[in-house]
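Novice: Using my numbering, the letters of the sequence shown correspond one by one to residues 157 to 312. Glycine residues also receive a C-beta, built at the ideal position from the N, C-alpha and C atoms.
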Amino acid sequence: MISDKAFISDRVVIGKNCRIYNFASIGNPPQWKGNYEDLGNLVIIKDNVEIREFVTINAPTTGITSIDANCLLMANSHVGHDTQIANDVILGVGCALSGFVTIEAYSYLGLNSTIHQYCRFPAYSCLGANSFFKSDISVPGLIWVGCPAEPVKVNL
Numbered sequence: 157m158i159s160d161k162a163f164i165s166d167r168v169v170i171g172k173n174c175r176i177y178n179f180a181s182i183g184n185p186p187q188w189k190g191n192y193e194d195l196g197n198l199v200i201i202k203d204n205v206e207i208r209e210f211v212t213i214n215a216p217t218t219g220i221t222s223i224d225a226n227c228l229l230m231a232n233s234h235v236g237h238d239t240q241i242a243n244d245v246i247l248g249v250g251c252a253l254s255g256f257v258t259i260e261a262y263s264y265l266g267l268n269s270t271i272h273q274y275c276r277f278p279a280y281s282c283l284g285a286n287s288f289f290k291s292d293i294s295v296p297g298l299i300w301v302g303c304p305a306e307p308v309k310v311n312l
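(1) Taking the C-alpha atoms as reference points, what is the distance between Phe382 and Lys309?
(2) So what does DSSP say about Tyr262, is it helix, strand or coil?
(3) Evaluate Pro304 with the Cβ neighbour count: other Cβ atoms within 10 Å of its Cβ, from every protein chain shown; 16 or more gives buried, anything less gives exposed.
(4) Rounded to whole angstroms, what's the CA-CA distance from Asp160 to Ile299? Just pull it up for me.
(5) Which residues in the same chain have their Cβ closer than 7 Å to the Cβ of Asp224, if we skip the five residues on either side of it in sequence?
(6) Do Ala231 and Glu206 have their C-beta atoms closer together than 7 Å?
(7) From what residue to what residue does the beta strand (DSSP E) around Ser222 run?
Okay, here's the thing in structure tokens:
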């Protein structure tokens, strides 16, 4: 199901069984101040992805912006250019992912959480509501909380 009120650029490839709700905007040019040449780079959305109302997903500056299978992007979340989201990730309402971000599999990002550009969020991890993540630590399976986010316990 793809809403007729969603904007989807011709540079977007969408897998099977995806649901895209009203006023989502997918594939617009990147919000990027650096050198950018529109090379027709793609946004790839794999199977069984649910994209709720007012989600924005920017086209990449180079390469691909991708969302792997079985992800849920709740309302008002933003996926910046050149971002890679692995399988089974959930973005809570209002999440913001800057450009060049990688979210590893089975992670959960809480309400209004933010990930800084050029960061990798580890697999099986949780980022608490209103938290700001800017780290290069790649230990999987932790719960991160705060601004800046710090690991507080193992994610069981």
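Specialist: Looking at the atomic coordinates:
(1) As shown, the chain starts at 157 and ends at 312. That puts residue 382 outside it, with no answer to give.
(2) coil
(3) exposed
(4) 38 Å
(5) Lys202, Ile241, Ala242, Asn243
(6) no
(7) 220 to 223
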